[in-house]
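Just so you know, the sequence shown maps onto residues 30 to 182 in this note's numbering. Right, one structure below, let's go through it.
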Amino acid sequence: MANETQVTVVGNMVADPELRFLENGTGMVKFTVASTPRTLDRQTGQWKDGDPLFLTCTAWRDMAEHIAESLTKGTRVIVTGRLKLSRWETELGEKRSAYGLDVDEVGPSLRWAQVKVNRMTRTKNGGDGFTPADVPDDAWNAASPAPTTTSVG
30 MANETQVTVV GNMVADPELR FLENGTGMVK FTVASTPRTL DRQTGQWKDG DPLFLTCTAW
90 RDMAEHIAES LTKGTRVIVT GRLKLSRWET ELGEKRSAYG LDVDEVGPSL RWAQVKVNRM
150 TRTKNGGDGF TPADVPDDAW NAASPAPTTT SVG
């Protein structure tokens with residue numbers, strides 16, 4: 030959409046991404062990225078951490094599944110997307126709001142890591158990672174958690 034605020038965030042994933050599926054089978058994933066600015070204190074020569082930003086990110090369809098299968102807690106990522114404001118009211122009637130990011134692109138940072146890319150073969154049209162038009166307002170609560178897999182080893 031035109032005039033949406035585009036944001037790029039570099040930070041660490043604070044937990045493993047959580048994958049869920051809507052009733053129609055559409056995959057969605059949520060994860061939180063922590064980004065902490067660092068500045069050099071010229072008097073002491075030491076780096077100092079600023080206030081961290083915690084940003085909840087949401088991705089859809091094939092990208093959601095790729096994120097859940099590829100990225101884990103602690104991974105340094107680069108995330109680009111559209112900044113969205115969510116507003117709600119608590120049970121006590123208090124108004125709340127929070128910004129989140131609808132993910133357009135995500136990948137691991139290669140500053141302190143190496144990765145091997147496995148290119149996926151597209152088997153259907155769509156799956157571009159954008160929010161589908163038929164998603165309810167609170168898709169996360171309506172979605173079922175992805176089945177867990179147990180590794181034997």
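C-beta atoms are modelled at their ideal positions from N, C-alpha and C, and glycine is treated no differently.
- Annotation: the continuous beta strand (DSSP E) that includes residue 105 extends over 105 to 118.
- Under the three-state reduction of DSSP output, residue 47 falls in the strand class.
- Here residue 60 has 42, 46, 86 as same chain residues with Cβ atoms under 6 Å from its own Cβ, once five neighbours each way along the sequence are excluded.
- DSSP, reduced to helix, strand and coil, places residue 94 within a helical segment of the structure shown.
- Note on geometry: alpha-carbon atoms of residue 90 and residue 73 lie some 48 Å from one another.
- Looking at the backbone, the Cα of residue 56 and that of residue 174 are separated by about 10 Å.
- About 6 Å separates the beta carbon of residue 108 from that of residue 132, a gap short enough to meet the 8 Å contact definition.
- In the structure shown, residue 64 falls within a strand segment according to DSSP collapsed to helix, strand and coil.
- The continuous beta strand (DSSP E) containing residue 36 extends over residues 35 to 42.
- Inclusion of residue 62 and residue 96 in the CB contact set at 8 Å is not warranted, their separation being larger than that value.
- By the Cβ-count criterion, residue 122 is exposed, with fewer than 16 other Cβ atoms from all chains shown falling within 10 Å of its own Cβ.
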